[in-house]
Structures are given as C-alpha cells and as structure tokens.
Amino acid sequence: MKVKNKSLLLDILFVVTFLILLRLGFWQLDRADQKNEINQNYLERQSSLEVFDENDINEENLWGKFSIEGEFTSPNLYLDNQTYKREAGYVIYSPFLTRENKVILVNRGWHDLIEDRNELPDVKKAEDTVISGILTKIPSHGIILNTENIENINDSSIRIQRIDVDEIKEVLNIQYEIYPFVLTLEPPIDENLKRHLILPVSNSEKNYGYAFQWFAFALTLLIIFITLRKKNK
Numbered sequence: 007m008k009v010k011n012k013s014l015l016l017d018i019l020f021v022v023t024f025l026i027l028l029r030l031g032f033w034q035l036d037r038a039d040q041k042n043e044i045n046q047n048y049l050e051r052q053s054s055l056e057v058f059d060e061n062d063i064n065e066e067n068l069w070g071k072f073s074i075e076g077e078f079t080s081p082n083l084y085l086d087n088q089t090y091k092r093e094a095g096y097v098i099y100s101p102f103l104t105r106e107n108k109v110i111l112v113n114r115g116w117h118d119l120i121e122d123r124n125e126l127p128d129v130k131k132a133e134d135t136v137i138s139g140i141l142t143k144i145p146s147h148g149i150i151l152n153t154e155n156i157e158n159i160n161d162s163s164i165r166i167q168r169i170d171v172d173e174i175k176e177v178l179n180i181q182y183e184i185y186p187f188v189l190t191l192e193p194p195i196d197e198n199l200k201r202h203l204i205l206p207v208s209n210s211e212k213n214y215g216y217a218f219q220w221f222a223f224a225l226t227l228l229i230i231f232i233t234l235r236k237k238n239k
C-alpha cells in the first residue's frame, strides 16, 4: 500500500511539474509575441508620413513623429549613468517652452564622460524654434549611484540621477506645466551628441531562448518519467 501511495505521489508530482514547465514555456512565447507586436507598431509609426503637433501630445501617440514650435530654455539636464555601446556617459535633456506655454524635455543625445567629475560636457543652448522628434515615455530609473537626485554644477548645467518632473519643476522654479513625456530629436541638432533612442521593449530573442529551455526541461522530465516507468514494470 505504501509503495502504491508513493508511486501515486510521484505521478502527481511529475504531472504538476511537467505542466508548470510547459506553462512557463508558453508564457515566454507569449511575452515574445507581445514584444514583437509593440516593436512592429513602433516601426510602422516610424515609416508613417503623419507628423503630429503639440495638440496631439498624449499617451496614444507615443512613438509618433512630432513637430513643435517654441524655444529652448536653460539649464541643460545631464542624466547620469547612461550607456551607449557599453560606454558610460550622459543623456542631455533641454527644457523646451512651447507656443502653448508648456515645457517638454528634449532628448538631445548622449555624450561620454569627461575625466573631471566636477565638470560636464559643454553643450550649447540650441537656438532652434521648430524642432522635430519622436515622442517617448520618460525613461525609467536606471543605476542610481548618488543619493541626491539633482546637483547644480553651474548656471547652465545640472546633473540628475533620474527624471522626476515634479522635482525638476520645483528646483528649476519652472512656472509652466511640464509634459510627462520626452521628445527625442530626429534628426539630432548637435554634431557632438549621439542619438539615444531605445526601442519600446527589448527584442524577443531572449524570450524564445527561455521558452526553449523550459520546453527542454519538460521533455527531459518526460523522458526520465517514461524510463523509470518502464524499469518499474
């Protein structure tokens, strides 16, 4: 009786584990499909000829092309600990006051670090009154090495560890509403800055790899189960 109970327990354990492994595999395939769909929508938007204006700034038009009128203001914001081709540096954001008297942060590009931590790369105030770019979400927090989010380096340059719209508005004493989005310039207006635009989500290759691993584990478990069954007959 004990042998039968033990055998039944092992059978149940196998079935549960096997189903969990299959579920994990299909979940990874589903994640891959979701990523492919999001990135495909992004690529379709980039190939579209439609250009939005300031009145269209909203969640539905993320990754769309925009043309906005206004003027750049100071200071430049240097987002710390940003990488480009595995090299550390800054992504420089400049406030842009629109014709509707609202501010949108403009991603002007990436610059590598300089030796002196007390200095920042020299990025001149842009004089453009009409800018074009891609509307994106405010980047999520990356690696934060400094407990203070905002460091005043000089009158025209501030180093930040993350983009916190409310904090930036308070510290810079901005009287206007700041959009909860970022405009990444396209094309760039600064020759010495690298375009820094990341796809909405990472590619799906890793998810396919993980799915293969889970299915391989399930197959291995099935083979072991069948082999043990045959030996016990």
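Under this note's numbering, the final residue of the sequence shown carries the number 239; numbering is consecutive throughout. C-beta: ideal position from N, C-alpha, C; glycine also.
DSSP places R92 in no alpha helix (DSSP H); its state is neither H nor E. A check of alpha carbon separations from I166 across I156, I44, N61 identifies I156 as the nearest. Exclusion of the five residues before and after G76 leaves F102, L103, T104, R105 as the residues of its chain whose Cβ lies within less than 6 Å of its Cβ.
Closest in C-alpha terms to A222, from the list D17, I26, N64, I18, comes I26. With a cutoff of 9 Å on beta-carbon distance, S162 and K41 are scored as not near each other. Taking C-beta atoms as the reference points, G139 and E197 fail to come closer than 9 Å. Judged by DSSP in its simplified three-state form, G139 adopts strand. The three-state secondary structure of Y214, taken from DSSP, is helix.
For F218, the closest of L35, L15, E56, D17 by C-alpha to C-alpha distance is L35. 9 Å or more divides the Cβ of N82 from the Cβ of I169. The beta carbon of E93 sits closer than 7 Å to those of D118, all from its chain and outside the five residues before and after it, given in chain order.
Pairing I195 with L126, the inter-Cα distance amounts to about 19 Å. Selection N64, R114, K212, F58 evaluated against Y84 yields R114 as nearest (Cα-Cα).
Counting along the chain, the unbroken beta strand (DSSP E) around E75 starts and ends at 71 to 78. DSSP places V177 in the uninterrupted alpha helix (DSSP H) bounded by 171 to 177. Taking C-beta atoms under 8 Å as the contact rule, F58 and L227 fail to qualify, at a distance of about 52 Å. Bounds of the beta strand (DSSP E) holding D118 are 108 to 118. For a cut-off of 8 Å, the C-beta gap from I110 to L189 is around 5 Å, short enough to register as a contact. Just so you know, the alpha carbons of E121 and L225 end up roughly 54 Å apart. Of the candidates K237, V97, Q88, G215, the residue whose Cα lies closest to the Cα of V129 is V97.
For N160, the secondary structure class from DSSP, reduced to helix, strand or coil, is strand. The residues R51, F58, L141, in chain order, have a CB closer than 6 Å to that of G70 in the same chain once the five nearest residues on each side in sequence are set aside.
Considering only Q181, P186, F32, L14, the residue with the shortest C-alpha distance to E65 is P186. The three-state reading of DSSP puts L19 in helix, counting H, G and I together. Around the Cβ of I137, a 10 Å sphere holds 16 or more other Cβ atoms; the residue is buried.
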